[in-house]
Amino acid sequence: MANYLTDLQSEGRITFTRNEAIAALGITEGAFLKAASRLQKRHMLFNPRQGFYVAVPPQFLSWQAPPPSWYIDALMRYESRSYYVGLLKAAELHGATHHAVMDFQVITDRQLRKIRAGRSWITFHFRKDMESVLEGIVERKTDTGKMKVSSPELTALDLLRYIHVAGGVDAVATVLNDLGHKLDRQKLATMASHFDRACVQRLGYLLDRLGHGERAQPMHDQLSATNSIPWAALEPQERTLATSEPPLERNERWRVVVQRGPEIDE
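Residue numbering for the sequence shown follows this note's numbering, beginning at 77 and increasing consecutively.
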């Protein structure tokens with residue numbers, strides 16, 4: 077079994093399925109599971125999902141798993157799920173590095189359990205309408221092949237859609253401060269048509285505040301074409317938590333109610 081892992085890596089691969097290994101080695105399922113268990117205890121093998129395995133290269137033995145970017149595409153193909161790497165991880169890949177990224181965040185079309193991946197976690201976040209944002213998904217080369225990643229425009233909108241898992245408005249504003257100059261105004265407007273109006277309003281307000289208002293203008297023009305735009309709170313809250321204090325600002329341009337100004341980590 078150890079030789080099988082070595083041979084696999086010499087071919088530039090680190091992932092395989094249980095059935096693949098059983099067929100290649102000509103052993104029973106019981107023998108495979110025993111051998112796999114021994115190698116997992118030695119941190120030479122990582123098993124993120126039942127029936128799917130990742131060989132751990134020597135340089136990552138102390139981590140107990142290679143970086144998720146090395147195997148996420150193969151894992152999602154094994155799961156037969158559409159996906160893209162998104163949110164804070166995608167922002168980091170696009171150069172927004174002020175905010176520490178603790179989880180490897182993946183958007184997919186099914187509710188999936190998070191995975192402990194050595195020193196980090198792979199967390200999955202549900203999106204039903206994956207087809208609507210296909211033009212906002214790009215391929216990024218990795219050390220072992222490729223993976224799908226949200227474009228800067230899709231990333232920016234997702235950060236507002238999934239604001240709670242992105243760390244709240246302060247974290248999102250900090251990321252947008254770095255990411256804003258990479259946004260294409262027309263692509264942003266096109267992608268915004270697939271998002272809730274309130275997400276678009278919040279993003280537009282933040283981009284204006286951060287000095288990237290010109291990039292949000294086509295998105296604003298598109299929003300203004302509707303007859304009436306309801307007010308949206310910058311920070312979505314449960315009704316039971318809503319404050320009775322007067323807002324700091326009521327932004328007429330984006331029709332956003334700001335209870336407190338976002339704090340940016342410089």
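Don't be surprised by glycine CBs; every beta carbon is placed ideally from N, CA and C.
Simplified DSSP assignment, three categories, for residue i
i: Val-214; result: strand
i: Phe-271; result: coil
i: Gly-337; result: coil
i: Ser-226; result: strand
i: Glu-325; result: strand
i: Ser-156; result: coil
i: Phe-240; result: It should be pointed out that residue 240 corresponds to His in this sequence rather than to Phe. Coil.
Residue i classed as buried or exposed, judged by whether at least 16 other C-beta atoms fall within 10 angstroms
i: Ala-268; result: buried
i: His-201; result: buried
i: Ser-300; result: exposed
i: Pro-338; result: buried
i: Asp-341; result: exposed
i: Gln-181; result: buried
i: Gln-135; result: exposed
i: Asp-284; result: buried
i: Arg-189; result: exposed
i: Gln-313; result: exposed
i: Gly-162; result: buried
Cβ shell of residue i (< 6 Å), same chain only, five flanking positions each side left out
i: Leu-109; result: none
i: Met-152; result: Tyr-159
Which residues DSSP lists as bridging residue i, in chain order
i: Trp-197; result: Asp-179 and Arg-192
i: Val-332; result: Ala-308 and Asn-327
i: Val-161; result: Val-182 and Val-225
i: Phe-128; result: Thr-93 and Arg-125
i: Phe-136; result: None, per the DSSP bridge assignment.
i: Phe-202; result: Thr-184
Contacts around residue i, its chain only, beta-carbon distance under 7 Å, and the 5 residues preceding and following it disregarded
i: Asp-219; result: Trp-146
i: Arg-278; result: Leu-236, Ala-308, Leu-310 and Val-332
Residues near residue i by beta carbon distance below 8 Å, same chain, minus five either side
i: Leu-121; result: Leu-81, Ala-112, Leu-115, Tyr-129, Val-130, Ala-131 and Val-132
With a threshold of 8 Å, are at least 3 pairs of Cβ atoms found where one atom belongs to the stretch 193-209 and the other to the stretch 251-266?
no
Is it a yes or a no for the stretch 303-310 touching the stretch 210-226, going by three-plus beta-carbon pairs under 8 Å?
no
State whether the stretch 120-129 contacts the stretch 84-95, with contact taken as three or more CB pairs (one from each stretch) at a distance under 8 Å.
yes
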